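Student: Sequential numbering of the sequence shown, starting at 1, is according to my numbering.
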Amino acid sequence: MPLQRLDSLSEIAPEVWDALVPQAQPFVRHAFLSALEDSASLGPHSGWQPEHLLHWEGDRLVAALPSYRKWHSYGEYVFDHGWADACERAGIDYYPKLLTAVPFSPVSGPRLLARNAEDGFELLNSLPGYLEIEGLSSAHINFTDPLADAALATQPGWLQRLGCQFHWQNRGYRDFQDFLDALSSRKRKQMRKEREQVAGQGIEFEWLQGHELSEAQWDFVYACYANTYAVRRQSPYLTRAFFSLLAERMPEAIRVVLAKQGTRPVAMAFSLIGGDSFYGRYWGCLAEFDRLHFETCFYQGMDYAIAHGLQRFDAGAQGEHKLIRGFEPVITRSWHYLRHPGLKHAVEDFLERERVGILAYAEEARAALPYRQG
Numbered sequence: 001m002p003l004q005r006l007d008s009l010s011e012i013a014p015e016v017w018d019a020l021v022p023q024a025q026p027f028v029r030h031a032f033l034s035a036l037e038d039s040a041s042l043g044p045h046s047g048w049q050p051e052h053l054l055h056w057e058g059d060r061l062v063a064a065l066p067s068y069r070k071w072h073s074y075g076e077y078v079f080d081h082g083w084a085d086a087c088e089r090a091g092i093d094y095y096p097k098l099l100t101a102v103p104f105s106p107v108s109g110p111r112l113l114a115r116n117a118e119d120g121f122e123l124l125n126s127l128p129g130y131l132e133i134e135g136l137s138s139a140h141i142n143f144t145d146p147l148a149d150a151a152l153a154t155q156p157g158w159l160q161r162l163g164c165q166f167h168w169q170n171r172g173y174r175d176f177q178d179f180l181d182a183l184s185s186r187k188r189k190q191m192r193k194e195r196e197q198v199a200g201q202g203i204e205f206e207w208l209q210g211h212e213l214s215e216a217q218w219d220f221v222y223a224c225y226a227n228t229y230a231v232r233r234q235s236p237y238l239t240r241a242f243f244s245l246l247a248e249r250m251p252e253a254i255r256v257v258l259a260k261q262g263t264r265p266v267a268m269a270f271s272l273i274g275g276d277s278f279y280g281r282y283w284g285c286l287a288e289f290d291r292l293h294f295e296t297c298f299y300q301g302m303d304y305a306i307a308h309g310l311q312r313f314d315a316g317a318q319g320e321h322k323l324i325r326g327f328e329p330v331i332t333r334s335w336h337y338l339r340h341p342g343l344k345h346a347v348e349d350f351l352e353r354e355r356v357g358i359l360a361y362a363e364e365a366r367a368a369l370p371y372r373q374g
């Protein structure tokens, strides 16, 4: 059966879509992706047009790719701007392209949603023909999990790209002090001093689940989120409505920590929980305080993970400031199918050289971790 194209998740029942989604993964659930669409965070105006691809066996959905037709490369966190620029110079159309990803979030997880490996293979086998019919230059599947990696490695024409993020691992710590005791003396003192600096400014923290926030508190969360873009003279990717819709549709997965000075909220961090993992996504502040970013985004999340038995803390992209606080290098993967033979050859050569650098960087980072030896 040919692929079915879905221009909106409102066209499919949540339980049908979610039957293919692992329970521990919040970012590809119908509730999350539909909130992006229904809040107008996505759509033609944004350069992210939903174009989900479905494979059916009779009346049963057996495989899907949560995908988007893209006219730019913003909000992806796997950077192919150089490829697009090279195409423009060569007179090759790079856009539109097809992207399978979680919009605006560099989080690894399921991308090829399938009942079993065979169903996933059938969907992937149909993808090159779909690209040609639709006039799409390429397909990109970002931040894949091992199941998708195994499937894509068997498919002809796909190129693998590596990246590096930094995740914190909870090694059965009893409390934050137990974690500090695992560090070198100098780093232990630095983190303790940073936490004391924040406390010394009269900052206290309150944790809330999705159903516990009022609309006024969501207004504050959004103001903080939007401010992180405003200070760079950029527009936020997400709309205010997204947060209310997400709180309505999947409140059990949401965690928000509010930083307060007295009764006045001054900063926040927004996170999601899935399985044994804690995902720090958005942060922002409306007043500046020394070391508040590190406390709100990292140390509070570590505290929460320890207290609730969560094993992994993924705090998003970028890294050196995480590395010195105990976040360990983790290799990420994305896959790219480029229809133009010349472009594919050039990118393949680039990726081989980039791969060597990424692996070397990860090894150097691991050697610089602040944990005590022995």
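Glycine is no exception: its CB is placed at the ideal position from the N, C-alpha and C atoms.
This structure is a prediction, so every number in the text was calculated from the model and none was measured.
Which of the three DSSP states is assigned to M268 in this structure?
Tutor: As a first step, residue 268 must be located in the sequence shown, where it is residue number 268. The answer is strand: DSSP assigns M268 an E or B state.
Student: Would you call the stretch 23–30 in contact with the stretch 101–117, where contact means no fewer than 3 C-beta pairs closer than 8 Å?
Tutor: Taking 8 Å as the limit for Cβ pairs, the verdict is that the stretch 101–117 does touch the stretch 23–30.
Student: Taking the alpha-carbon of L33 as reference, which of N227, L246, W207 has the nearest alpha-carbon?
Tutor: As a working mapping, residue 33 is identified with position 33 in the sequence shown. Comparing Cα-Cα distances from L33 to each of N227, L246, W207, the minimum goes to L246.
Student: Hey, could you find the ends of the beta strand (DSSP E) R255 is sitting in?
Tutor: What you label residue 255 is simply residue 255 of the sequence shown in a count that begins at 1. 254–261 is the extent of the beta strand (DSSP E) around R255.
Student: Taking the C-alpha atoms as reference points, what is the distance between R281 and K189?
Tutor: Here residue 281 corresponds to residue number 281 of the sequence shown, with the count starting at 1. Here residue 189 corresponds to residue number 189 of the sequence shown, with the count starting at 1. Their Cα atoms are separated by approximately 27 Å.
Student: Alpha carbon to alpha carbon, how far is K97 from R115? Give it in angstroms, no decimals.
Tutor: The count along the sequence shown starts at 1 and reaches residue 115 at position 115. The count along the sequence shown starts at 1 and reaches residue 97 at position 97. Using only the alpha carbons, I get a separation of about 26 Å.
Student: Within the stretch 122–159, note down every full alpha helix (DSSP H) run reaching 4 residues or more, in order along the chain.
Tutor: The stretch 122–159 contains these whole alpha helix (DSSP H) runs: 146–153.
Student: Please classify P66: does DSSP put it in a helix, a strand, or coil?
Tutor: For the purposes of this step, residue 66 is taken as the residue at position 66 of the sequence shown. Correct three-state label for P66: coil.
Student: Assuming the contact rule is C-beta atoms closer than 8 Å, L406 and L36 should be a hit. Round their C-beta distance to whole Å, please.
Tutor: The displayed coordinates of the chain run from 1 to 374. Any statement about residue 406 would go beyond what the structure contains.
Student: Under the three-state reduction of DSSP, which class applies to Q4: helix, strand or coil?
Tutor: For the purposes of this step, residue 4 is taken as the residue at position 4 of the sequence shown. Q4: strand per DSSP, three-state reduction.
Student: Buried or exposed for L75, please, with buried defined as at least 16 other CB atoms from any protein chain shown within 10 angstroms of its CB.
Tutor: Position 75 of the sequence shown holds residue 75. Residue identity check: residue 75 is Gly in the sequence provided, not Leu. That one is buried.
Student: How about L3 and L42: are their beta carbons less than 8 Å apart?
Tutor: One-based indexing of the sequence shown puts residue 3 at position 3. One-based indexing of the sequence shown puts residue 42 at position 42. Taking 8 Å as the Cβ cut-off, L3 and L42 do not qualify as a contacting pair.
Student: With DSSP as the reference, please indicate the residues paired to S277 in a beta bridge.
Tutor: As a first step, residue 277 is located in the sequence shown; it is residue number 277 there, counting from the start. In DSSP, S277 forms a bridge with G274, R312.
Student: Could you pull the start and end residues of the beta strand (DSSP E) that L330 belongs to?
Tutor: Here residue 330 corresponds to residue number 330 of the sequence shown, with the count starting at 1. Residue 330 is actually Val in this sequence, not Leu. Per DSSP, V330 belongs to the beta strand (DSSP E) from 328–338.
Student: Around the C-beta of V356, are 16 or more other C-beta atoms found within 10 angstroms, so that it is buried, or is it exposed?
Tutor: Stepping through the sequence shown from its first residue, residue 356 is reached at position 356. Exposed.
Student: Count the other C-beta atoms from every protein chain shown that fall within 10 angstroms of the C-beta of K70, then say buried if there are 16 or more, exposed otherwise.
Tutor: For the purposes of this step, residue 70 is identified with residue 70 of the sequence shown, where counting begins at 1. So K70 counts as buried.
Student: Taking the C-alpha atoms as reference points, what is the distance between F79 and Y337?
Tutor: Position 79 of the sequence shown holds residue 79. Position 337 of the sequence shown holds residue 337. Near 15 Å, if we compare the C-alpha coordinates of Y337 and F79.
Student: Take A90 as the anchor and find which of A346, R366, R353 has the nearest alpha-carbon.
Tutor: Stepping through the sequence shown from its first residue, residue 90 is reached at position 90. Cα-wise, what sits closest to A90 is A346.
Student: Would you give the residue range spanned by the alpha helix (DSSP H) that E196 belongs to?
Tutor: Sequence index remark: in the sequence shown, residue 196 carries index 196 (1-based). Where E196 is concerned, the enclosing alpha helix (DSSP H) stretches over 185–200.
Student: Can you give the Cα-Cα distance for E51 and A150, rounded to whole angstroms?
Tutor: By one-based count along the sequence shown, residue 51 stands at place 51. By one-based count along the sequence shown, residue 150 stands at place 150. So the alpha carbons of these two residues sit roughly 24 Å apart.
Student: Return the chain-ordered list of same chain residues with a C-beta closer than 7 Å to the C-beta of I12, the five sequence neighbours on each side being excluded.
Tutor: Within the sequence shown, residue 12 is the residue found at index 12, counting from 1. Hits under 7 Å: L6.
Student: When you compare the CB positions of D290 and Q177, do they come within less than 8 Å of one another, or not?
Tutor: In the sequence shown, counting from the first residue as 1, residue 290 sits at position 290. In the sequence shown, counting from the first residue as 1, residue 177 sits at position 177. In this structure, Q177 does not lie closer than 8 Å to D290 by Cβ.
Student: Using only alpha-carbon positions, find the residue among S126, A367, Y77 that is nearest to G163.
Tutor: Taking the sequence shown and counting its residues from 1, one reaches residue 163 at position 163. Residue Y77 is the option with its Cα nearest to G163.
Student: Leaving aside the five residues before and after L369 along the sequence, list all residues of the same chain whose C-beta is less than 8 Å from its C-beta, in chain order.
Tutor: Taking the sequence shown and counting its residues from 1, one reaches residue 369 at position 369. Here the set comprises L323, G326, E328.
Student: Can you list the alpha helix (DSSP H) stretches of 4 or more residues lying completely in the stretch 34–102, in chain order?
Tutor: Counting whole runs of 4 or more residues, the stretch 34–102 contains the alpha helix (DSSP H) stretches 81–90.
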